[in-house]
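This report concerns only the one structure given below.
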Amino acid sequence: MLVVFQNNHFINVTEVGIIRGFIFDLDGTVYLGDQPIKGAAEAINTLQQRGDRVVFLSNKPIATRMFYVEKLRKMGIEASLENVLNSNYIMAYYLKDILTAEQSVFVIGEWPLIEELEAQEIPITQDPLQADYVILSWDRYFTYDKLNAAFQAWFHGAKIIATNPDRTCPIENGQIPDCGAIIGAIEGATGQAIDAVVGKPSAIMAETAVKKLGLDFSQCYMVGDRLETDIKMANETGMNSVLVLTGITTEDMLATSPYQPKYVLNSIADIPSI
Numbered sequence: 000m001l002v003v004f005q006n007n008h009f010i011n012v013t014e015v016g017i018i019r020g021f022i023f024d025l026d027g028t029v030y031l032g033d034q035p036i037k038g039a040a041e042a043i044n045t046l047q048q049r050g051d052r053v054v055f056l057s058n059k060p061i062a063t064r065m066f067y068v069e070k071l072r073k074m075g076i077e078a079s080l081e082n083v084l085n086s087n088y089i090m091a092y093y094l095k096d097i098l099t100a101e102q103s104v105f106v107i108g109e110w111p112l113i114e115e116l117e118a119q120e121i122p123i124t125q126d127p128l129q130a131d132y133v134i135l136s137w138d139r140y141f142t143y144d145k146l147n148a149a150f151q152a153w154f155h156g157a158k159i160i161a162t163n164p165d166r167t168c169p170i171e172n173g174q175i176p177d178c179g180a181i182i183g184a185i186e187g188a189t190g191q192a193i194d195a196v197v198g199k200p201s202a203i204m205a206e207t208a209v210k211k212l213g214l215d216f217s218q219c220y221m222v223g224d225r226l227e228t229d230i231k232m233a234n235e236t237g238m239n240s241v242l243v244l245t246g247i248t249t250e251d252m253l254a255t256s257p258y259q260p261k262y263v264l265n266s267i268a269d270i271p272s273i
C-alpha cells in the first residue's frame, strides 16, 4: 500500500487506481556482474507489494530471458518470464512484423539470440548473399570473417539491424566491449550508419515495455545507469527518467550530457521514495 498527501488529504493511491509502472535496466542498475546492488531486492519487492507494476529491460543479448529470471530470483527479486524483456526478444517480434514469407536473416550473434529467433520461427540463412537482413548483436567470437560476411550481405542489398547500441557492458571490475563496438566495425566498412537498432534507446523497445505494463508512458519510470540509452529513451518517449549512479554514468558525465534525467539517485535502493 502506498499512501500520499494530495489535496489536503492522505490517500491510498492503489485504492483510487493510481498505479505506476517501473522499467528497470539490469546491468549497472539492479546488479553488477553477479553482485546485486545493495537494497535492490527490498526496493523492487516494495514496489510490487504496494501495487506498482514492474518489468525488467535489458539490452544485453548474450543470455536468455530465463537466465535473467533465475538470476533475479536468486537475488531475492520477484521475476517471471512475462516481466523480463531483452533485446533478443524485441528483435524477434520486430522481425515477425517486417519480414515477408520469402525473406531471411543472417545472424552475427550468440546462441541466445539465435534461440529466440528460432522460437519465433524467423528464417535464418547461413549464406550472407541470400540474406535480406543482417542481424547484428554482441558476439564475443566476432572475427574478420564475420565482418566480411556482414559487409558482403550489405553490399548485395541486405539491411542491417542491431540488437543494441551499447559500446561497453559494465562488470564488477570495469567494462568490456559490447555490440556498439561491432556496429562500429560494420559502419567503418560500409561508410554508412546501420539501418536500425531495436534495443534502448529505440522507441521500439520503449513501446514494448510500456505495452507490457498496460499503462501510459507518463505513468512509467525508466530506471537505468546509462544516459545515452536509458535516459535518452525515457525522455524521448515521455516516460519519467531515473538515473542511478551505480553503473556506467558518473556525476562528471551527467554534468556535460545532453540527456538529463528527471531524477538522480545514488542507487536503486532509493526508488520507493520518488
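Take 0 as the starting number for the sequence shown in numbering that gives the first Met the number 0 and just add one per residue.
Ideal Cβ placement from N, Cα and C applies to all residues, glycine included.
Backbone secondary structure at residue i - three-state DSSP
i: Gly20; result: strand
i: Asp139; result: For clarity, residue 139 is Arg in the given sequence; the question names Asp instead. Correct three-state label for Arg139: coil.
i: Lys211; result: helix
i: Ala130; result: coil
i: Lys70; result: helix
i: Met238; result: coil
i: Ser217; result: helix
i: Ser274; result: The structure shown does not extend to residue 274, since the chain is modelled only from 0 to 273, so the question has no answer here.
i: Asn265; result: coil
i: Pro111; result: helix
i: Asn44; result: helix
i: Ser86; result: helix
i: Leu116; result: helix
i: Leu146; result: helix
i: Leu98; result: coil
i: Phe4; result: A caution first: Phe4 carries a pLDDT of 38, below 50, which makes its placement in the model unreliable, though a value can still be read off. Phe4 falls in the strand class under three-state DSSP.
Residue burial classification, residue i (beta-carbon count within 10 angstroms, cutoff 16)
i: Ile123; result: exposed
i: Arg225; result: buried
i: Ala118; result: exposed
i: Trp110; result: exposed
i: Ala100; result: exposed
i: Met204; result: buried
i: Pro257; result: exposed
i: Tyr30; result: buried
i: Asn163; result: buried
i: Asp165; result: buried
i: Met65; result: exposed
i: Met252; result: exposed
i: Asp215; result: exposed
i: Ser57; result: buried
i: Ala254; result: exposed
Residues that residue i bridges to, as DSSP identifies them
i: Arg49; result: Arg49 is not bridged to any residue.
i: Lys158; result: Tyr132
i: Thr167; result: Pro176
i: Pro260; result: Pro260 pairs with nothing; no bridge assigned.
i: Gln125; result: None, per the DSSP bridge assignment.
i: Tyr30; result: Asp26 and Pro35
i: Ser57; result: Asn85
i: Gly223; result: Leu242
Contact under 7 Å by Cβ, residue i with residue j
i: Ala161; j: Val196; result: yes
i: Ser217; j: Ile230; result: no
i: Leu135; j: Ile97; result: no
i: Val54; j: Ile17; result: no
i: Ala130; j: Ile185; result: no
i: Phe141; j: Ile181; result: yes
i: Pro169; j: Gly20; result: no
i: Ile267; j: Ala62; result: no
i: Pro127; j: Ser86; result: no
i: Tyr93; j: Val83; result: no
i: Asn44; j: Glu81; result: no
i: Glu115; j: Tyr88; result: yes
i: Pro260; j: Leu242; result: yes
i: Met221; j: Ala202; result: no
i: Lys199; j: Thr236; result: no
i: Pro35; j: Met74; result: yes
i: Asp177; j: Thr167; result: yes
The ligand ZN heavy atom lying under 6 Å from the CB of residue i
i: Leu80; result: The ligand ZN is absent from the structure shown, which contains no ligand whatsoever.
Of all the beta strand (DSSP E) runs that stay within the bounds of the stretch 170-202, which reach a length of 3 or more residues? List check, beta strand (DSSP E) in window: 173-176.
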